[in-house]
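In what follows, a single structure is set out as structure tokens and then discussed.
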Amino acid sequence: MPQAGQSNDATLLRIENLKTHFAVPDGIVKAVDGVSFSVGEGEVLGLVGESGSGKSMTCRSIIRLVPPPGRIVGGHVYYRGDDVLEWPEAKLSQFRGREVSMILQEPMTALNPVLSIGEQIVETIRQHEDVSTNDARERAVALLRMVGIPEPQRRLGDYPHQFSGGMRQRAMIAIALACSPKVLLADEPTTALDVTIQDQIIRLVQELQERLGMSVVWVTHDLGVVAQLCHRVAVMYAGKIMELADVVDLFENSRHPYTIGLMESIPKSAARGSRLVPIPGQPPNLLNLPGGCPFVPRCRYATEDCANAEVALQEVSPGHYSACIRSNEI
20 MPQAGQSNDA TLLRIENLKT HFAVPDGIVK AVDGVSFSVG EGEVLGLVGE SGSGKSMTCR
80 SIIRLVPPPG RIVGGHVYYR GDDVLEWPEA KLSQFRGREV SMILQEPMTA LNPVLSIGEQ
140 IVETIRQHED VSTNDARERA VALLRMVGIP EPQRRLGDYP HQFSGGMRQR AMIAIALACS
200 PKVLLADEPT TALDVTIQDQ IIRLVQELQE RLGMSVVWVT HDLGVVAQLC HRVAVMYAGK
260 IMELADVVDL FENSRHPYTI GLMESIPKSA ARGSRLVPIP GQPPNLLNLP GGCPFVPRCR
320 YATEDCANAE VALQEVSPGH YSACIRSNEI
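FYI, the numbering for the sequence shown is 20 to 349, going by the working numbering.
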């Protein structure tokens with residue numbers, strides 16, 4: 020039987036029992052609490068959940084860019100079988116951008132406001148490859164053209180504030196792809212954009228992923244995007260993975276109450292006028308998590324046993340994992 024979280028393809032990235040905690044005055048925030056999954060060659064894995072579920076911090080932990088006072092306190096991040104968490108900083112700096120790259124949520128804060136877009140792409144290329152400035156600029160023009168920015172030669176000298184929101188996001192993607200990474204971590208890259216631009220960015224990433232053969236971890240709270248883009252899905256809640264499955268299997272046969280709640284809260288275009296079914300309550304305070312399953316206070320299927328149950332992914336059907344002790348009854 021495959022390990023929980025393992026894909027059927029050749030595994031490129033494997034996360035095992037990853038834990039990232041934040042020491043704050045009131046205690047310890049377990050932002051990532053025992054997360055395990057893998058990403059195959061050329062696979063798009065969706066990382067889904069409400070705000071604060073640990074999706075972004077999981078991605079930051081993979082490339083060891085956890086902001087203080089956060090600290091990775093346990094687990095493993097294997098890239099091609101080698102544990103990234105044991106690497107020295109010099110090796111890590113080559114890993115970021117060249118092997119695994121990340122698109123952050125808000126490009127206006129992620130881009131350097133005092134450097135032109137061209138300078139930022141050229142800097143990224145020359146940090147990882149021994150090429151001349153002119154060669155790097157030519158590649159920067161090609162990258163801007165590839166991500167759909169008009170007049171790339173002219174726009175190379177423009178600064179982030181001179182780009183629209185959608186164009187800034189395209190520029191961020193160009194920077195992320197500058198060194199042809201094998202894995203792209205996309206942290207809700209369409210959150211601040213209007214619906215039309217969101218769709219353009221999603222289609223762009225999908226096209227580039229297929230053309231370049233990249234693996235992608237797509238962080239989102241939008242299940243519509245997941246259905247359009249992803250091969251498999253990991254559903255996160257309170258720093259843990261609640262369910263992991265092939266995207267079609269997850270939508271047709273959800274086996275965790277939290278996933279079912281997310282599915283029921285999606286507006287249905289064919290059911291105009293019908294009421295949405297929200298998940299009751301609020302996500303838990305990570306400083307004061309309930310015992311057992313953290314979803315218990317909001318779960319309509321919960322029993323007394325759930326309050327004491329260990330949260331661990333179990334295979335409920337081939338390739339489909341759930342962390343609910345009542346998965347077979349749902």
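For glycine and all other residues, C-beta sits at the position ideal for the given N, C-alpha and C.
Here the structure is a predicted model, which is why all the values come from computation and not from measurement.
Same chain, Cβ closer than 6 angstroms to Leu64, five either side skipped, listed in chain order: Excluding sequence neighbours, Leu64 sits near Val58, Val236, Arg251.
Classify Gln301 as helix, strand or coil using the three-state DSSP reduction. Three-state DSSP puts Gln301 in coil, outside helix and strand.
Mind pulling the beta strand (DSSP E) runs of 3 or more residues that sit fully within the segment 91-178? Listed in chain order, they are 119-122.
Straight-line gap, Glu35 to Met186 (C-alpha atoms, nearest Å): When only Cα atoms are considered, Glu35 and Met186 end up about 36 angstroms apart.
Nearest candidate by alpha-carbon position, reference Val48, set Ile91, Val133, Cys78, Arg83: When each option's Cα is compared against that of Val48, the closest is Ile91.
I need the straight-line Cα distance from Pro171 to Gln113, nearest angstrom please. Near 27 angstroms, if we compare the C-alpha coordinates of Gln113 and Pro171.
In terms of DSSP beta bridges, what is Gln333 paired with? Its beta-bridge partners are Ser341.
Just checking my contact of Gly232 with Gly71 at CB under 8 angstroms: how many whole Å lie between their CB atoms? About 33 angstroms; that fails the 8 angstroms criterion.
Report buried or exposed for Pro276, applying the criterion of at least 16 other Cβ atoms within 10 angstroms of its Cβ. By the neighbour-count rule (16 or more Cβ atoms within 10 Å), Pro276 is buried.
At 4 residues or longer, what runs of the alpha helix (DSSP H) sit wholly inside the segment 222-249? Counting only runs of 4 or more, we get 242-248.
Rounded to a whole number of angstroms, what is the C-alpha to C-alpha distance between Phe182 and Glu157? Between the alpha carbons of Phe182 and Glu157 lies a distance of about 20 angstroms.
Option nearest Asp52 by Cα separation, candidates Gly258, Pro169, Ala109, Met282: Minimum Cα distance to Asp52 is reached at Gly258.
Kindly list the residues whose CB is nearer than 8 angstroms to the CB of Leu306, restricted to its own chain and excluding five residues on each side of it in sequence; keep chain order. Around Leu306: Val43, Asp45, Gly46, Ile47, Val48.
I'd like to know if the segment 144-164 and the segment 202-217 are in contact, where contact means that at least 3 CB-CB pairs between them fall below 8 angstroms. Touching, no, given that fewer than three Cβ pairs across the two stretches are closer than 8 angstroms.
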